[in-house]
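Structure record follows, encoded as structure tokens.
So this is what it looks like as structure tokens:
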């Protein structure tokens, strides 16, 4: 059920309960009022019945003939009163009791009239009149007592009903409300958790059964968004690789041009000085050409490995080997840019568990940034200091790359890993460091940007040490 | 006239070996160096007629070699070779100081002709 419907239903239920309480309370109140009215009338009736019984005594003991007239007029008066308030009495005590009462009244009046007519004062007549009067009075007294009890019962029931209704409303407020809110908060917590995960580059899913309400829709939308972002990140990764390739071109051109020139010179010499060359020399020339072709092949293979899209393929690796591999890839670019490289590679570092190509990409990207940051410096001032060591966090290795450029303005430091953030104007895509951030995060590591006290930007990459487990080839903190 | 002395500096061994073979075949006195530092030391001892140098080398690069030569011997002709074709434009600034400029890969035949022209000999135009 949708939350909107749940809240509406909950409101309607509460209002319904209150209306129900009012209806019952009003009904009880009307019943009580009618019964109280009946009890008042009954009390009057009882008083007049008492007088009629006294009149009986006066007739039989003191031979007062007018006493019978008093009885008849008393009965008539009582019948009139009953007729006047008939609807209220009917409501209060029901038609059965009213007709029984009327029956007793009529019986009593009939005997009184017959007695008055005959003027008899014998024992049988007295017995008959007194019996009718007693029955009338007993019924009336019993009726009024019953009605009084009824009033008390209705008030007690009403009080109980009010109390139970109050409890029901309270229960709705205390239980139903929080149940709805708990569901909302629980769903929101799942959404917030996923949002956090996504902001850290972990494009996972909200698992479990989704409620069939607005929050279920939000959760499904979040999962779709996570999928979309994941695919976009792969696209970003690839586009950044292509951008890095562009930057690498200068170095690569030099790298390929040299063996190409060597082959060209060997071939031209082989052709023009063929007759001057001995057999051994000719074979040596051919070997050299083969060697230079192999040199080009290595460069091409390296570039292809760097550029082609791949699934992450983590393996046990050595950090220093990755740094050396990166240097082979960017060495010429650094030479061209007149950058002196200082390598401080700590010995005996434990292995890490990474996708080497992805880490290459991160390091190439940092080096590319460093080269661009030092473009305006004079020759001899451009230096890139690369160090590897055991990290400050336990069980982690660190690569630090420090350049001698002007560093990153402090106010921009919090944004350097944001997608599309660039300090390079049109020459930067602004994707490099955000992509690097995602890669390192997926490896369970950290990447930090800062400035060296002596100037220049410092990029530090931390990667967890590979902990081999006997029954598990993969480390805990590896992710994709 | 004594045999012209040619110095070749490049960090690619095949380049210095091949140029040397052809230059020797042409009858020149050739000395080769795989880096600029020993070459500049050698220049302090003896003057060469033509110096052929690579532009980008580890340590001291071709620009530095050019500056040192022009300071020591303004009349030595310098021929520059480089793998950076895109640096042609920036090389324009050195046109006045460099006799010729060869982007790799180049034809040895053209290169020899250029050396001959640098020595004031008639050679095929490059």
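Residue numbers (my numbering), protein chains in the order written: chain A, 16 to 495; chain B, 8 to 133. In this text, a Cβ means the ideal position worked out from N, Cα and C, and glycines have one as well. The model shown is predicted, which means the values in this text are computed figures rather than measured ones.
Any C-beta of chain B under 8 Å from that of residue i
i, result
"residue 350(A)", "yes"
"residue 283(A)", "yes"
"residue 342(A)", "no"
"residue 303(A)", "yes"
"residue 288(A)", "yes"
C-alpha gap between residue i and residue j, whole angstroms
i, j, result
"residue 308(A)", "residue 332(A)", "29 Å"
"residue 111(B)", "residue 463(A)", "41 Å"
"residue 33(B)", "residue 341(A)", "43 Å"
"residue 48(B)", "residue 361(A)", "36 Å"
"residue 476(A)", "residue 426(A)", "21 Å"
"residue 227(A)", "residue 200(A)", "15 Å"
"residue 25(B)", "residue 218(A)", "58 Å"
"residue 121(B)", "residue 107(B)", "7 Å"
"residue 459(A)", "residue 50(B)", "57 Å"
"residue 479(A)", "residue 404(A)", "12 Å"
"residue 311(A)", "residue 372(A)", "20 Å"
"residue 74(A)", "residue 81(A)", "8 Å"
"residue 21(B)", "residue 345(A)", "23 Å"
"residue 365(A)", "residue 330(A)", "14 Å"
"residue 111(A)", "residue 97(A)", "14 Å"
"residue 167(A)", "residue 84(A)", "38 Å"
"residue 41(B)", "residue 468(A)", "39 Å"
"residue 19(A)", "residue 384(A)", "52 Å"
"residue 60(A)", "residue 150(A)", "14 Å"
"residue 214(A)", "residue 238(A)", "14 Å"
"residue 245(A)", "residue 327(A)", "13 Å"
"residue 289(A)", "residue 300(A)", "11 Å"
"residue 144(A)", "residue 138(A)", "10 Å"
Whether residue i touches residue j by CB criterion (8 Å)
i, j, result
"residue 367(A)", "residue 481(A)", "yes"
"residue 461(A)", "residue 454(A)", "no"
"residue 69(A)", "residue 93(A)", "no"
"residue 283(A)", "residue 115(B)", "yes"
"residue 23(B)", "residue 10(B)", "no"
"residue 103(A)", "residue 52(A)", "yes"
"residue 162(A)", "residue 47(A)", "no"
"residue 428(A)", "residue 471(A)", "no"
"residue 134(B)", "residue 105(B)", "No answer is possible for residue 134(B): it lies beyond the span of chain B, which begins at 8 and ends at 133."
"residue 386(A)", "residue 337(A)", "no"
"residue 88(B)", "residue 55(B)", "no"
"residue 64(A)", "residue 152(A)", "yes"
"residue 496(A)", "residue 448(A)", "Residue coverage of chain A in this structure runs from 16 to 495, which leaves residue 496(A) outside it and unanswerable."
Residues that residue i contacts on chain A, provided the C-beta gap is smaller than 8 Å
i, result
"residue 90(B)", "268, 269, 272, 273, 276"
"residue 32(B)", "288, 291"
Within chain A, the residues that residue i reaches when beta carbons sit closer than 9 Å
i, result
"residue 22(B)", "273, 276, 277, 280"
Neighbour flag for residue i against chain A, beta carbons, 8 Å
i, result
"residue 14(B)", "no"
"residue 25(B)", "yes"
"residue 87(B)", "no"
"residue 115(B)", "yes"
"residue 112(B)", "yes"
"residue 65(B)", "yes"
Secondary structure of residue i, DSSP reduced to three states
i, result
"residue 384(A)", "helix"
"residue 96(B)", "Low local confidence applies: a pLDDT of 48 at residue 96(B) is under 50, so the model's placement there is unreliable, and no value is given."
"residue 89(B)", "strand"
"residue 487(A)", "A caution first: residue 487(A) carries a pLDDT of 48, below 50, which makes its placement in the model unreliable, though a value can still be read off. The answer is strand: DSSP assigns residue 487(A) an E or B state."
"residue 288(A)", "coil"
"residue 21(A)", "helix"
"residue 220(A)", "coil"
"residue 425(A)", "helix"
"residue 82(A)", "helix"
"residue 473(A)", "strand"
"residue 69(B)", "helix"
"residue 96(A)", "helix"
"residue 359(A)", "strand"
"residue 441(A)", "The predicted model places residue 441(A) with a pLDDT of 37, which falls under 50 and marks its position as unreliable; any figure quoted below should be read in that light. In the structure shown, residue 441(A) sits in a helix (DSSP, three-state: H, G or I)."
"residue 465(A)", "strand"
"residue 84(B)", "strand"
"residue 478(A)", "strand"
"residue 415(A)", "strand"
"residue 399(A)", "strand"
"residue 332(A)", "strand"
"residue 10(B)", "coil"
Proximal residues of chain B, C-beta to C-beta of residue i below 7 Å
i, result
"residue 427(A)", "Neighbours of residue 427(A) on chain B: none; closest Cβ ~31 Å, over 7 Å."
Partners in chain A for residue i, counting only beta-carbon separations shorter than 7 Å
i, result
"residue 19(B)", "273, 277"
"residue 77(B)", "Near residue 77(B) there are no residues of chain A at all, since even the closest Cβ is about 18 Å away, more than 7 Å."
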